[in-house]
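Residue numbers (the UniProt record's numbering): 1 to 142.
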């Protein structure tokens with residue numbers, strides 16, 4: 001009986017830890033995207049369809065706005081430690097901290113990839129807007 005109780009308790013604790021990890025990944029990803037002005041751009045880019053016309057014609061998504069956000073994101077990439085949430089530093093397990101950092105990077109790269117696909121689509125009218133590739137961003141976040 002003792003082992004069954006222990007197994008159930010361990011399973012419950014694992015589920016709690018995983019749930020808290022998910023929350024921290026979500027919070028960290030959201031904070032990075034918000035602090036670099038990419039959050040709103042990502043949301044609008046993900047919802048944009050070709051039937052709406054060029055994305056660059058949508059208010060707040062013109063080339064200057066995207067260039068500014070990409071510049072802010074480049075600044076983040078150069079100084080990523082400044083954008084980290086204090087909550088993650090309080091996680092005592094190195095394995096869990098590394099997992100949170102890796103999953104956060106994956107989320108940020110996925111959101112950035114959506115934006116880059118829209119920038120590179122000639123139908124959206126951005127021309128040669130300078131930006132890093134998602135692969136470069138992934139390497140910088142390692």
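Where a beta carbon is used, it is the ideal one built from N, C-alpha and C, also for glycine.
Quantities reported herein were computed from a predicted structural model and do not represent experimental measurements.
Is residue i helix, strand or coil by DSSP?
{"i": "residue 134", "result": "helix"}
{"i": "residue 126", "result": "coil"}
{"i": "residue 60", "result": "coil"}
{"i": "residue 141", "result": "coil"}
{"i": "residue 6", "result": "helix"}
With respect to the alpha helix (DSSP H) encompassing residue i, which residues constitute its N-terminal and C-terminal limits?
{"i": "residue 113", "result": "94-120"}
{"i": "residue 40", "result": "39-47"}
{"i": "residue 86", "result": "86-89"}
Measure the alpha-carbon distance for residue i versus residue j and round it to whole angstroms.
{"i": "residue 74", "j": "residue 94", "result": "27 Å"}
{"i": "residue 60", "j": "residue 9", "result": "50 Å"}
{"i": "residue 76", "j": "residue 122", "result": "27 Å"}
{"i": "residue 44", "j": "residue 132", "result": "20 Å"}
{"i": "residue 97", "j": "residue 118", "result": "32 Å"}
{"i": "residue 124", "j": "residue 115", "result": "11 Å"}
Can you find the residues in the same chain that come closer than 7 Å, C-beta to C-beta, to residue i, ignoring five residues on each side of it along the sequence?
{"i": "residue 62", "result": "56"}
{"i": "residue 137", "result": "77, 109, 112"}
{"i": "residue 140", "result": "77"}
For residue i, I'd like the list of residues in its chain whose CB is within less than 6 Å of its CB, leaving aside the five on either flank, ordered along the chain.
{"i": "residue 107", "result": "29"}
For residue i, tell me which candidate among the options has the shortest Cα-Cα distance.
{"i": "residue 104", "options": "41, 14, 32", "result": "32"}
{"i": "residue 120", "options": "102, 66, 13", "result": "66"}
{"i": "residue 35", "options": "4, 47, 81", "result": "81"}
Closer than 8 Å by C-beta to residue i: which residues in its own chain qualify, once you throw out the five before and the five after it? Chain order, please.
{"i": "residue 100", "result": "21, 24, 25, 28, 88, 91"}
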